[in-house]
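All remarks here apply to the structure that follows.
In my numbering, the protein residues as written are 5 to 261.
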């Protein structure tokens with residue numbers, strides 16, 4: 005028994021894998037350094053077979069053999085689409101880490117930088133903790149499957165080889181980047197407000213009783229206040245992550261309505 009696969013279909017699957025591969029390279033949680041590159045490649049090819057029915061039958065119409073330049077341009081476009089969607093996904097979920105970094109600055113934890121070998125960069129304590137918590141919640145709540153499903157649905161809106169106006173990605177990326185900072189401030193604002201009031205209280209205490217050395221007392225007090233507030237804020241991280249996931253899907257839907 006001989007199994008024959010049409011060349012056009014096989015090339016279409018590989019091009020679909022390029023879009024998924026570009027997304028997996030950047031989008032969390034699949035972009036995490038703990039996931040080997042070989043796993044990402046196999047996952048992108050496997051998922052590409054799942055979208056095979058959405059691959060146009062006339063992808064290589066008009067030529068008896070694949071045209072090299074056409075395939076290169078189509079592959080580059082698919083990679084740009086996937087990496088662009090992955091970048092916006094990463095920016096949206098980065099709001100949690102940015103919020104943790106802002107709290108680090110206010111709480112005094114920014115002085116203790118931790119080198120992350122998986123990302124190759126330094127991160128303060130709370131920024132790193134929020135980042136790892138977000139990754140755990142993504143898998144625990146199956147939000148990673150929801151976001152991945154949003155990516156696969158883009159093949160129905162923008163089939164492989166379709167002409168795409170990439171300027172929409174750039175415009176949406178700018179809005180997403182601005183929205184990420186706004187979301188980070190909204191997440192960190194309650195804790196920042198309490199820490200600010202704590203600083204004011206310590207300042208007044210210094211004026212009233214200079215002998216107490218409120219400056220030396222300030223560090224353990226702010227650490228205690230920060231730890232308590234972070235513990236209380238964790239109760240709402242599930243709802244926050246659901247809101248961020250819905251924002252990702254909303255962005256995907258606005259790109260190609």
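Every residue gets a Cβ at the ideal spot worked out from N, C-alpha and C, and that includes glycine.
Three-state class that DSSP yields for residue i in the structure shown
| i | result |
| --- | --- |
| residue 148 | helix |
| residue 135 | helix |
| residue 34 | coil |
| residue 67 | Interpretation of residue 67 is limited by its pLDDT of 47, a score under 50 that renders its predicted location unreliable; the figure taken from the coordinates is listed afterwards. The answer is coil: DSSP assigns residue 67 none of H, G, I, E or B. |
| residue 205 | helix |
| residue 167 | coil |
| residue 59 | coil |
| residue 316 | The requested residue 316 is not part of the displayed model; the chain covers only 5 to 261. |
| residue 162 | coil |
| residue 174 | helix |
| residue 213 | coil |
Element boundaries [alpha helix (DSSP H), containing residue i]
| i | result |
| --- | --- |
| residue 96 | 72-111 |
| residue 52 | 41-54 |
| residue 247 | 241-259 |
Buried versus exposed, by CB contacts within 10 Å (16 or more), residue i
| i | result |
| --- | --- |
| residue 36 | exposed |
| residue 190 | exposed |
| residue 250 | exposed |
| residue 132 | buried |
| residue 98 | buried |
| residue 221 | exposed |
| residue 73 | exposed |
| residue 53 | exposed |
| residue 26 | buried |
| residue 238 | exposed |
| residue 231 | exposed |
| residue 171 | exposed |
| residue 164 | buried |
| residue 14 | exposed |
| residue 28 | buried |
| residue 154 | buried |
Short Cβ contact (8 Å threshold) for residue i with residue j
| i | j | result |
| --- | --- | --- |
| residue 216 | residue 209 | yes |
| residue 16 | residue 59 | yes |
| residue 151 | residue 93 | yes |
| residue 104 | residue 141 | no |
| residue 139 | residue 33 | yes |
| residue 109 | residue 134 | no |
| residue 188 | residue 106 | yes |
| residue 226 | residue 199 | yes |
| residue 112 | residue 223 | yes |
| residue 147 | residue 233 | no |
| residue 76 | residue 180 | no |
| residue 173 | residue 259 | yes |
| residue 255 | residue 176 | yes |
| residue 137 | residue 241 | yes |
| residue 156 | residue 43 | no |
I'd like to know if the segment 70-88 and the segment 15-22 are in contact, where contact means that at least 3 CB-CB pairs between them fall below 8 Å.
yes
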